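Each residue of the sequence shown is one higher than the one before, counting from 4 in this note's numbering.
For every residue, glycine included, the Cβ atom is placed at its ideal position computed from N, Cα and C.
Note that the coordinates shown come from a computational prediction; the quantities given were computed from them, not determined experimentally.
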Amino acid sequence: MHKWLALVIGAQLLIWFASGVIMSFLPIDKVRGEHLVDRETVMTIPAGSSFAGPARISAMTGAPVEAINWHMMGSRAVAEVTTAKGVKLFDAQTGELIPPIGATQATAIANVAWKSAVKPVSKASRVTTESPEYRAALPAWRIAYSDPDATSIFVAVDTGKITAVRTGTWRLYDFFWSLHIMDWKNHENFNTWWLLAFAIGGLVLGLAGTVLLFIRWPLRRKRKAKRIAVS
């Protein structure tokens, strides 16, 4: 029984070490897809633009306004209004409510962020539930590209912002991360009882091995033999 327990704990220790090494070798910028998708560039609002007043926009939200943020969405200036009921987009110039982002518009947003001049073939699908691959604003559009890295760009329906980029490298990293934290279903909880139990078992195994090593240390046995011989 003890041998099997030591074997199971030892196997998990091996998985921890192996997954840690593999994750360390994967460049984090490649995991995040930064070499494929530009999420850092911010378009400036053209100088001299005339916008609808905040009071007009606030009156059309139908809920108390918590914040208003003006920014560019493609070639269009928008007012992003945050309320207790969620986020709404308004045309910054006319103050008119902008409908939720559709598949065509989400694809255009993703294509603008794609760094390469050549845009791979893509397919848009609507995401309404969380998954190990995506845990951000919902609903969202998943723009799946046919590039070698099987890249997917997620665009939030309510804001039109890119909320996540997933690549084959990310999925490989996430797989080993799930093994590392022993959350094989959701890939995010590193306080599971499985992890705690094996961590304690690994600690006990390590302490026991250290004690045995100390007891059986050759130098101690030689000194003991010398004392016996002298006496």
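- Sorting V115, T172 and V214 by C-alpha distance to the C-alpha of G77 places V115 at the top.
- Annotated as distal: L92 and G209, with beta-carbon spacing of 8 Å or more.
- Note that the C-beta distance between M46 and L100 is not below 8 Å.
- Between I60 and the set A109, D94 and K118, the nearest pair of CA atoms involves D94.
- In the displayed model, F93 falls within a strand according to three-state DSSP.
- Setting aside the 5 residues that flank it on each side, W173 is surrounded in the same chain by V34, each with a C-beta closer than 6 Å to its C-beta; the list follows chain order.
- Scanning V130, N194 and L29 for the CA closest to the CA of I156 turns up V130.
- According to the DSSP assignment, N114 belongs to no beta strand (DSSP E) but to the alpha helix (DSSP H) extending over A106 to A116.
- Sorting L39, A70 and V90 by C-alpha distance to the C-alpha of V121 places L39 at the top.
- Assigned with DSSP and collapsed to three states, A159 falls in strand.
- Between Y137 and the set Y148, S125, D150 and A167, the nearest pair of CA atoms involves A167.
- In the pairwise beta carbon analysis, the stretch 10-26 is classified as touching the stretch 180-196: at least three pairs are separated by under 8 Å.
- At a cut-off of 4 residues, the continuous stretches assigned as alpha helix (DSSP H) that sit fully inside the stretch 46-81 are 57-62.
- For V168, the enclosing beta strand (DSSP E) covers residues I165 to R169.
- The Cβ atoms of D161 and A140 lie closer than 8 Å to each other.
- Note that the C-beta distance between I165 and I112 is below 8 Å.
- Pairing D186 with T170 gives a Cβ-Cβ distance that is not under 8 Å.
- Annotated three-state conformation of K126 is strand, per DSSP.
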